[in-house]
Amino acid sequence: MILGKRDLLTRLRRHLALAQSLDIAVAWAKPSPALTDVLKFARTAKEKPRVIVGISGNVTNPAALRQLSESCHLKVTRGERGIFHPKFYRFVNGDRSICWIGSANLTARGFSLNDEAVHEFIDDGSAKSWFDALWKSLPDDTSSDMEDYIESWNPAEPDWGHQAPTVKAPSDHPFHLLANGRVRDWPGYVTALRACDAYWLDREWHFSVFGEVRSYTDTIAAGNMVVKSRNWQRFSEQEISIIMGDNDPEGLTGYGLLGSMKGAAKAMSSFRKDDTVRSIIQNAILPLETSKNLPADAAQALATISDINRFNHGVATRLITLMRPDAAVSVNSQSIKGLAALSGLPKTTLGTPRNYERLLNWVADQPWFDVPEPEDPEEKLMWTMRAALLDAFVYMSHDGDE
């Protein structure tokens, strides 16, 4: 069976639900819904997955390696002669194994955005033998190679030409795409998001909604992966930058989208140094992952985090949104005016627990929100973070005026 991008994420989840163990060998791994699914499987699997990831160039994200090393048996390699370039997945259920060989890396583009082809087949034993031999050919401990890669890693420069929008950029601020109830269904929201992407690509700040780096989807996918980690006490500097919105000096990664915390220097310092602070915040937002009443539970998490000295609603709602990008929004200095104008809630108190709950209820009442998960892989990615992406419409909006 040949799988295309419309099938990959759905079938990945189906196979993980039945698997007892998992083998993966890929050239690159980056924060993505697919990687988050693999990590979720790894935390409860009977056997730790064996994962081999390539570290040629600078495509593989260090945060992805950190998270995989926590939950899986991880080895990294640059390849013996050329670069390490396989894309191999083996889902093991008892005596039966299903394998994938094709073009899909463990990235958002590999599973949602690129045109990929993957051959799915039942292993006759040769796939297991190939992976076993590859695993044994690598050193038992490649952690020093991983740390060297992480220490020297720099993000790739965005390829703005490659990210050319598929629709014309609107002349007005994208706030106007949503104002006055103009979006009446999910297809309308998708169209508005693509126009919003075109608008921001056309601006001098050079970020986008859907780009591979310096984008909302990259920031949200990376942050969602990191906040779901069970070990917050071992965060690297990059992982802290991802979830706290602290841009790198060159501004290439775009983790400041959803509200940069660079201005909250004391909160950043406290988060970096105080294990108790991290523990309080983790305990506040981790239950939101499975919450059945997110507006009320998120308001309680906001109250808990805001009680910590130097932590305000901007920090708290960013973390809440990274945990639940499907249903939560970030209320920060650049989004609050637009969110207030769209929702009709008062700007001065929008960051309080009571009105944040009302804001999330307003989001849940939008005609584009309560819809089934789409089949289209690009729309599926948008759907998983549909509430968080509201920030792209209200960023730097002043009650609708740029």
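Residue numbers (the working numbering): 1 to 402.
Where is the CB? At the ideal position from N, CA and C, for every residue including glycine.
Beta strand (DSSP E) segment containing residue i, residue limits
i	result
Val118	118–122
Cys99	96–102
His73	73–77
Arg50	50–54
DSSP three-state assignment for residue i, whether helix, strand or coil
i	result
Ala27	coil
His85	coil
Glu250	For Glu250, the predicted model reports a pLDDT of 48, less than 50, meaning its position is unreliable; a value from the coordinates is still stated below. Of the three classes helix, strand and coil, the one that applies to Glu250 here is coil, per DSSP.
Arg11	helix
Ser260	coil
Val92	strand
Ile2	strand
Ser144	helix
Ser126	helix
Leu381	helix
Ser208	strand
Ser269	helix
Leu350	coil
Leu288	helix
Leu322	helix
Ser21	strand
Leu68	helix
Leu113	helix
Leu138	coil
Leu106	strand
Residue closest to residue i, alpha-carbon to alpha-carbon, out of the options
i	options	result
Ile101	Ala117, Thr107, Gly110, Asp95	Ala117
Gly79	Trp362, Ser306, Asp202, Ser137	Ser137
Ala264	Gln300, Ala316, Leu193, Asn231	Ala316
Glu379	Ile280, Phe175, Arg194	Arg194
Lys337	Ala222, Phe393, His206, Glu289	Phe393
Ser270	Glu212, Asn312, Asn332	Asn312
Glu120	Asn293, Phe84, Ile98, Arg310	Ile98
Ser103	Arg96, His85, Asp95	His85
Leu389	Thr290, Leu178, Asn293, Arg13	Leu178
Tyr255	Ala222, Arg234, Arg230	Ala222
Arg358	Trp383, Thr384, Val331	Val331
Ser306	Ala327, Ala296, Ile281, Met323	Ile281
Gly54	Arg310, Thr142, Asp326	Thr142
Tyr189	Met385, Ala328, Asp218	Met385
Ala299	Arg324, Ile243, Ala19	Arg324
Asn355	His206, Ala303, Val59, Leu286	Ala303
The alpha helix (DSSP H) enclosing residue i, as first and last residue numbers
i	result
Arg358	353–364
Val227	216–227
Met396	Where Met396 is concerned, there is no enclosing alpha helix (DSSP H), given that its DSSP letter is neither H nor E.
Asn312	Careful: Asn312 lies outside any alpha helix (DSSP H) and carries neither H nor E.
Asp197	186–201
Leu389	Looking at the DSSP string, Leu389 is not in any alpha helix (DSSP H), and its letter there is neither H nor E.
Leu177	175–178
Val213	It is not in any alpha helix (DSSP H) - Val213 carries neither H nor E in the DSSP assignment.
Near the ligand HEM: residue i beta-carbon under 7 Å from a heavy atom
i	result
Asp141	Looking at this structure, you won't find the ligand HEM or any other ligand, since it has none at all.
Q: Answer yes if the stretch 39–48 comes into contact with the stretch 141–155, meaning at least three C-beta pairs across the two stretches below 8 Å, and no otherwise.
A: no
Q: Could you say if the stretch 31–39 and the stretch 95–113 meet the contact criterion of at least three C-beta pairs nearer than 8 Å?
A: yes
Q. Just checking, does the stretch 272–286 make contact with the stretch 345–360 on the three C-beta pairs under 8 Å criterion?
A. no
Q. Given 8 Å as the limit, is there contact between the stretch 119–138 and the stretch 223–237, that is, 3 or more CB pairs closer than that?
A. no
Q) If you pair each beta-carbon of the stretch 15–27 with each one of the stretch 78–95, do three or more pairs fall below 8 Å? A) yes
Q.
Using 8 Å as the cut-off, can you tell me whether the stretch 196–205 makes contact with the stretch 168–185, which would need three or more C-beta pairs spanning the two stretches below that distance?
A. yes
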